[in-house]
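Residue numbers (my numbering): 506 to 653.
Below, the structure is given as C-alpha cells:
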C-alpha cells in the first residue's frame with residue numbers, strides 16, 4: 506500500500522504532545538516517535554507484540570516510566586516511547602463516529618501518549634479515567650472527542 510499520508514502536521518502533533526505533558530505535569534523535554542502506518546504494518550506489529558493477528562488503531566511502546574520521566578534532570582531529553590497509528594483505522598473510525606480523520610488521529614495520538622505516561626484501560630475505572638484524560642488532553646485544541 507505504501508506509506509500513508511499523516512493526517513496531522515508536525516506542529517499539530519507537537520501541540521498535542523506538549524499540552525498532554527503539561528496536563529500530566531511531566532517535563533516537555535522528551536523524545537517521542539509518532540508513526541502513521543497502514544493496516545498491514547499495524548497487523549504485523551500487533552501480532553508480534555500483543556499476539557493478536559489483526560490490525561489495531563493505535564499501539565504504544567513505552568521507553569520510560571512516569572517516575573523516570575519526573576526524575577529526569579530539567580532540560581535533559583528523555584525517551585518517552587513510540588506511538589504507531591493506523592491511518593486506515595483512523596479513517597474508518599472517523600466515518601463511524603461522524604467526525605474528521607484529523608480529529609480521530611488526534612484522539613488516537615492522545616490515547617497512545619496516555620499509555621506511554623502510564624494510563625491503562627483494562628478495568629472500567631481505569632478506562633473512565635483514561636477517557637477523561639483523552640478529553641482533557643484535546644480540550645484546548647480544535648479536536649473534538651468522539652464521546653459525550
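We put the CB at the ideal spot given by N, CA and C, even for glycine.
On a predicted model such as this, the values are computed, not experimentally measured, just so you know.
- Taking 3 residues as the minimum length, the beta strand (DSSP E) runs contained wholly in the segment 569-644 are 583-591, in order along the chain.
- When C-beta atoms of the segment 586-596 are compared with those of the segment 527-546, three or more pairs fall below 8 Å, so the two segments count as touching.
- In the structure shown, residue 536 falls within a strand segment according to DSSP collapsed to helix, strand and coil.
- By the beta-carbon neighbour count (other beta carbons within 10 angstroms, threshold 16), residue 557 is exposed.
- Counting the other Cβ atoms within 10 Å of the Cβ of residue 637 gives fewer than 16, which makes it exposed.
- Judged by DSSP secondary structure, residue 564 falls within the beta strand (DSSP E) whose first and last residues are 563-567.
- Only residues of its own chain outside the window of five on either side were considered, and among them 564 and 589 have a CB closer than 7 Å to the CB of residue 550, listed in chain order.
- In the DSSP assignment, residue 511 forms no beta bridge with any residue.
- For residue 553, the enclosing alpha helix (DSSP H) covers residues 544-555.
- Straight across, the Cα-Cα distance linking residue 644 with residue 621 is about 19 Å.
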